[in-house]
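Visitor:
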Amino acid sequence: MDSDVLSIDVAKLATGISKIREVIKLNEGIALKDNSCKFSESMNEFLKKAEEEIVRIQAQDRVALSMVKEITGYFHGNSAQEEAHPFRIFMVVRDFLSILDQVCKEVAKVNERTIYSSARPLQNPPTPSVFPGLNVRRHYSSSDDETPS
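Residue numbers (the UniProt record's numbering): 1 to 149.
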């Protein structure tokens, strides 16, 4: 949501609440019926909560805008050009994150290809026996055992 639109909408709500307050005052002046009193009490309670909420939203809007201006000032310096579009910093961050995401995907593809090509089984060359003479003796001794005595 655009910050300017939000500020305008909150101002419209504040204007609407002041109009409701005027209607309630007129209603209180005209009728003193029991139903009218209950309506006025309910509306006054609503107006109180609505005014508090609007004040809270306006305060948060000011704080958020000042923080955005502070961040923009940090990254761009105190440039008058950037002050006209303080939320441009979010577009810069969005573009940066998009590029970073694309690079991560490309690196993952390269790693996947590397893993796939290295997954082929390697043929181990036959290892020479550590004690070749031992195998020879066993061969001879086993043949000696097979001969009848």
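Ideal placement from N, C-alpha and C gives every residue a C-beta, glycine not left out. The model shown is predicted, which means the values in this text are computed figures rather than measured ones.
Within its chain, find whatever has a CB closer than 8 Å to the CB of residue 229; leave out the 5 residues flanking it on each side and keep chain order.
Guide: Residue 229 lies beyond the range of the chain shown here (1 to 149); nothing can be said about it.
Visitor: What do you reckon, are the CB atoms on residue 86 and residue 68 nearer than 8 Å?
Guide: Contact: yes.
Visitor: How do the region 55–75 and the region 22–32 stand: do at least 3 beta-carbon pairs fall below 8 Å, yes or no?
Guide: In short, these stretches do not touch, since the Cβ pair count stays below three.
Visitor: How close, in whole Å, do the beta carbons of residue 20 and residue 43 come, if the pair is a contact with beta carbons under 8 Å?
Guide: So it is a contact: roughly 7 Å between Cβ atoms.
Visitor: Thinking C-beta only, is residue 114 closer than 8 Å to residue 89?
Guide: Not a contact, by the Cβ cut-off of 8 Å.
Visitor: Can you tell me whether residue 4 is buried or exposed? The criterion is at least 16 other CB atoms within 10 Å of its CB, across all chains shown.
Guide: Exposed, by the Cβ-count rule.
Visitor: Under 8 Å between the Cβ atoms of residue 40 and residue 28?
Guide: Cβ distance < 8 Å, so residue 40 and residue 28 count as in contact.
Visitor: Could you pull the start and end residues of the alpha helix (DSSP H) that residue 155 belongs to?
Guide: The question about residue 155 has no answer here: the residues shown for the chain are numbered 1 through 149.
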